[in-house]
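Protein chains in written order, with our numbering: chain A, 1 to 308; chain B, 309 to 563. In this text, a Cβ means the ideal position worked out from N, Cα and C, and glycines have one as well. Since the structure is predicted, the reported quantities are computational estimates derived from the model, not experimental observations.
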Amino acid sequence: MIVRARAVSKRFGEYLAVNGLDLEVPRGVCFGLLGPNGAGKTTTLRMLYGVTRPTAGTISVFDMDIARQARAVRARLGVTLQQNVLIEALSPIENLRVFGRYHLLREPELSRRIDEIIDFLELRSHATMPVRTLSGGFQRRLAIGLSLMNRPELLILDEPTTGLDPAVRLTLWSRVRDLRADGATVLLTTHYMDEAQRLCDRVAIMAAGKIIVEGEPNGLIRSHLAEETVELDCAPEDERALFAGVTLPAHRVRIGRRLMLYVDDAADLAKHIHTHDGGGRCMLMVRPTNLEDVFLTLTGTALEGGAA
Amino acid sequence: MNVSFPHALAVWRRNAAMYRRTWMLNILPNFFEPVLYLAAMGIGVGNYITQMGGMPYIAFIAPGLVCVAAMNGASFEVTYNIYVRMNLEKSYDAMLTTPIEPQDVLAGEVLWAMTRACIYGGSFFIVIVAFGLAPLPSALAAVPVIPLTGLLFAAIGLAFTLRLTNIDLFSFYFTLFLTPLFLFSDIFFPLKERLSGMWLWVAEGLPLLHPVRLARLAFRGELALVEVWDVAYLLMVSALLLAWAGQTVRRRLTN
């Protein structure tokens, strides 16, 4: 195990940010920590690299106690923070050089790694321009590049693609896959369930400082919900009329006007809705059930019906 | 709380890398500032005050202004710049994802503030030498006072910055703390001749007074080992404040 956290809690005054968390991240996997804002994801990450001290519990990373050997642990891991921390007046190359020195890298190794990262993250075209002139996508790539300077065995990414456009996200995902293929262990947090589903071998869903469920993404979907999802707009008061004469599935989620129904075979239900919704105004959609549905079912505040 | 010097140096080099970008723009005013002071105070005011403390007025104020330059160099660094790096740019959060520990950050920043003090104070010193206001070689004994002044005001400024929650409050530090020090630390008139009794003892608490006294004695060729009190003041106040800052910075950066 690269990361082993046992019964970890963190209290900030009255507020219990992390509550008896157990977490194990095996070597070589991409592990996703999912959860709504305030679930305790960032606090958990900060405890893993030793910047936040747990109120209770133990954490070991690379089989070292983080409370005693923070320097040694951090020499072997890389962290990309949620907010890019770049020196805006300097170029990507200069930023990488400064960061490499934090790891006490020296020439010629320093320049060799900078070159490697510039190529790996395709930053060459903007390598000598001041960071402040770069697009958000470039800046994010550079921020991730900084955390690769020490060739980390464990890469921690706190919401790596928040606020990026789809093309940039796809590129970043492929880079993360490359890193994992090279043997690195990746631990990331994200709000994007598609990201977790496509990128992660294992995911854990956190809510209120606890891991409520953990497993392989497709396995989680199968074990919690039916295979297909019927999604439509339907006010709560219209529900009875629209679904008159059909047996509603056990699993349903409502977020505002949007209603999600999880069924093994969506065809019949979809047909029924088509014939009863009075002109296709309900934005009906049939799609495979995904991790987002599991997430909403388990953490959503707007649960109803027989949610798990 | 052991400081790793190589990591502190990496923090220092971060600031140096940024400074190198703009040093040409930064360093020129460092040379103009003393010239302006010397012109206004020395040639202007000095024309009416021919002697002070037994020497020409311009020569009286020159060593003190070297210390002021060092004080300003360190102060800007540990106030605005550190506040921005800590609270806005979050540079320290990034450093703490590497083997750097809070005490290395602090050590690196203090070293850098001392470096800035040396750049400011050193420029001033060079100008004063060029104007023939620093009797050589005795005035060279004032050179070590420059980094010491940097250390003292790095420590004082850090203690203030670490308590601050709002960047606008720095104007209090500069206007209500550094400016009075500038005006009442023996630079422009000898305190001994204007204050009496208890007030002289109170004045001994003023931090800038001690480097100014050391620098002036050096310029006069009178610096001797008996100046233990001034050196001790510099080192002890710095050490006490930095010990406190060490605890505080750890609390601020980790939790």
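Helix, strand or coil at residue i according to DSSP, with G and I counted as helix
i	result
Glu-304 of chain A	Legend: pLDDT at Glu-304 of chain A = 38, less than 50; position of this residue unreliable, no value from coordinates given.
Arg-258 of chain A	strand
His-103 of chain A	coil
Gly-429 of chain B	helix
Ile-59 of chain A	strand
Thr-190 of chain A	strand
Gln-197 of chain A	helix
Asp-65 of chain A	strand
Cys-282 of chain A	coil
Thr-80 of chain A	strand
Ala-317 of chain A	Lying outside 1 to 308, the shown extent of chain A, residue 317 of chain A is not represented and no answer is given.
Val-98 of chain A	helix
Backbone CA spacing between residue i and residue j [nearest angstrom]
i	j	result
Ile-475 of chain B	Glu-341 of chain B	25 Å
Phe-71 of chain A	Met-260 of chain A	It should be noted that the sequence gives Arg, not Phe, for residue 71 of chain A. One C-alpha to the other measures close to 48 Å.
Asn-84 of chain A	Leu-157 of chain A	11 Å
Ala-302 of chain A	Asn-218 of chain A	Confidence at Ala-302 of chain A is low in this model, with a pLDDT of 39, below 50, so the placement of that residue is unreliable and no value is reported for it.
Val-29 of chain A	Thr-289 of chain A	24 Å
Val-539 of chain B	Tyr-391 of chain B	29 Å
Ala-196 of chain A	Glu-216 of chain A	10 Å
Ser-446 of chain B	Ala-89 of chain A	42 Å
Tyr-400 of chain B	Pro-92 of chain A	18 Å
Phe-490 of chain B	Val-376 of chain B	7 Å
His-272 of chain A	Glu-239 of chain A	13 Å
Arg-202 of chain A	Tyr-192 of chain A	15 Å
Thr-358 of chain B	Ala-348 of chain B	14 Å
Ser-135 of chain A	Phe-461 of chain B	39 Å
Asp-63 of chain A	Leu-172 of chain A	29 Å
Met-544 of chain B	Val-311 of chain B	19 Å
Asn-380 of chain B	Leu-525 of chain B	21 Å
Ala-307 of chain A	Arg-222 of chain A	The pLDDT assigned to Ala-307 of chain A is 35, lower than 50, so where the model puts this residue is not dependable, and the model offers no usable value.
His-315 of chain B	Arg-560 of chain B	19 Å
Under 7 Å by beta carbon: chain A residues contacting residue i
i	result
Leu-404 of chain B	Val-51
Ile-408 of chain B	Tyr-102
Opening and closing residue of the beta strand (DSSP E) in which residue i lies
i	result
Ser-399 of chain B	Ser-399 of chain B -> not in any beta strand (DSSP E); alpha helix (DSSP H) instead, spanning 399 to 403.
Thr-229 of chain A	228 to 233
Phe-353 of chain A	Residue numbering for chain A in the displayed model covers 1 to 308; residue 353 of chain A lies beyond these limits and cannot be assessed.
Thr-406 of chain B	Run containing Thr-406 of chain B: none; DSSP gives neither H nor E here.
Ile-156 of chain A	154 to 158
Element boundaries [alpha helix (DSSP H), containing residue i]
i	result
Thr-44 of chain A	41 to 48
Asn-19 of chain A	Per DSSP, Asn-19 of chain A belongs to no alpha helix (DSSP H); it is in the beta strand (DSSP E), 15 to 25.
Ile-339 of chain A	With chain A covering 1 to 308 only, the question about residue 339 of chain A has no answer from this structure.
Phe-490 of chain B	487 to 492
Val-73 of chain A	70 to 74
Val-453 of chain B	453 to 471
Met-544 of chain B	536 to 561
Ala-523 of chain B	517 to 528
Arg-329 of chain B	313 to 345
Gly-381 of chain B	365 to 384
Arg-177 of chain A	166 to 181
Partners in chain B for residue i, counting only beta-carbon separations shorter than 7 Å
i	result
Arg-151 of chain A	Going along chain B, no residue has its Cβ under 7 Å from Arg-151 of chain A, so there is no contact; the nearest lies around 13 Å.
Glu-94 of chain A	Ala-325
Ala-67 of chain A	None at all; the shortest Cβ gap to chain B is about 12 Å.
Arg-202 of chain A	The contacting residues do not exist; Arg-202 of chain A stays about 23 Å from chain B at best.
Nearest-angstrom Cβ-Cβ length linking residue i and residue j, presumed shorter than 8 Å
i	j	result
Ala-378 of chain B	Tyr-428 of chain B	6 Å
Leu-121 of chain A	Arg-169 of chain A	About 14 Å; that fails the 8 Å criterion.
Glu-228 of chain A	Met-285 of chain A	About 11 Å separates the two Cβ atoms, so there is no contact after all.
Leu-466 of chain B	Leu-549 of chain B	7 Å
Thr-189 of chain A	Lys-10 of chain A	Actually they are not in contact, since the Cβ atoms of Thr-189 of chain A and Lys-10 of chain A sit about 15 Å apart, beyond 8 Å.
Ala-17 of chain A	Thr-80 of chain A	21 Å between Cβ atoms; not a contact.
Tyr-365 of chain B	Gly-354 of chain B	4 Å
Chain A contact residues for residue i, given Cβ-Cβ distances below 9 Å
i	result
Ser-546 of chain B	Those within 9 Å of Ser-546 of chain B in chain A number zero; the least Cβ separation is about 26 Å.
Ala-526 of chain B	Result: empty, since nearest Cβ-Cβ is about 36 Å, beyond 9 Å.
Contact list for residue i against chain B, beta-carbon separation under 9 Å
i	result
Leu-148 of chain A	The premise fails here: Leu-148 of chain A is roughly 12 Å from chain B at the closest Cβ pair, so nothing lies under 9 Å.
Leu-81 of chain A	Lys-398, Asp-401, Ala-402, Thr-405
Ala-75 of chain A	Thr-406, Pro-407
Closer than 8 Å at the beta carbon, the chain B residues around residue i
i	result
Val-85 of chain A	Glu-397, Lys-398, Ser-399, Asp-401, Ala-402
Ala-89 of chain A	Met-326, Arg-329, Thr-330
Ala-56 of chain A	Result: empty, since nearest Cβ-Cβ is about 15 Å, beyond 8 Å.
8 Å Cβ cut-off: residues of chain A touching residue i
i	result
Arg-424 of chain B	The premise fails here: Arg-424 of chain B is roughly 17 Å from chain A at the closest Cβ pair, so nothing lies under 8 Å.
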